[in-house]
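Residues in the sequence shown are numbered consecutively from 44, following the working numbering.
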Amino acid sequence: MTQHSELTSDRWSRFDLDRQILMIGNEMNRTSSRLQAVDLAGTRLGYERVLRLVDLTIEVNRRRSLRRELLRWRDLAAALYIAEEPGLTEHEAIFRSLLQLTPVASQQIPFVLGSLREGLKPLAT
């Protein structure tokens, strides 16, 4: 069972879109750490939490264009979830595109993705 399994759409809808995207971004950031540590089980759990929050965001937002973009983004996250070895480059790319969904979230890109690059360790081959 994922960490957010008991989070209701009613409660999630009380957060504005900026906050929702930032909270999904927080889970993506945690998943970055697991990915860098080459912890596949932890990475998969991280993506499960991300997908749960994205599903809630899609459910509570009625703007068709936003829902369409979130569904497209969800497909990218789901592909990493089922990948045999999710790549850090792909993870960073979808993380960046998530944060670009709102102006407030996009302000975090230099801080979050910059630190992701600095902490990059070579993946085991």
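Ideal Cβ positions, reconstructed from N, Cα and C, are used throughout, including at glycine. All of these numbers come straight from a predicted model, not from anything done at the bench.
| message | Please report the distance separating the alpha-carbon of THR132 from that of ASP61. | response | Position 89 of the sequence shown, counted from the start, is the residue given in the question as residue 132. Position 18 of the sequence shown, counted from the start, is the residue given in the question as residue 61. THR132 and ASP61 have their C-alpha atoms roughly 24 Å apart.
| How long is the line joining the alpha carbons of SER108 and GLU102, rounded to whole angstroms? | Counting from one through the sequence shown, the residue named residue 108 turns up at place 65. Counting from one through the sequence shown, the residue named residue 102 turns up at place 59. Cα to Cα, the separation comes out at about 13 Å.
| If we ignore side chains and look at the alpha-carbon of each, how far apart do PRO153 and GLN143 end up? | By 1-based counting over the sequence shown, the position of residue 153 is 110. By 1-based counting over the sequence shown, the position of residue 143 is 100. Whole-angstrom Cα-Cα distance: 12 Å.
| field | Burial state of SER140 (16 or more Cβ within 10 Å) | value | Here residue 140 refers to the residue found at position 97 of the sequence shown. Exposed: under 16 other Cβ atoms inside 10 Å.
| Alpha-carbon to alpha-carbon, GLY68 and ALA80 | Looking up residue 80 in the sequence shown gives position 37. Looking up residue 68 in the sequence shown gives position 25. Spanning the two alpha carbons is a distance of roughly 19 Å.
| Collapsed DSSP secondary structure at PRO129 in the structure displayed | Taking the first residue of the sequence shown as position 1, residue 129 is located at position 86. PRO129 falls in the coil class under three-state DSSP.
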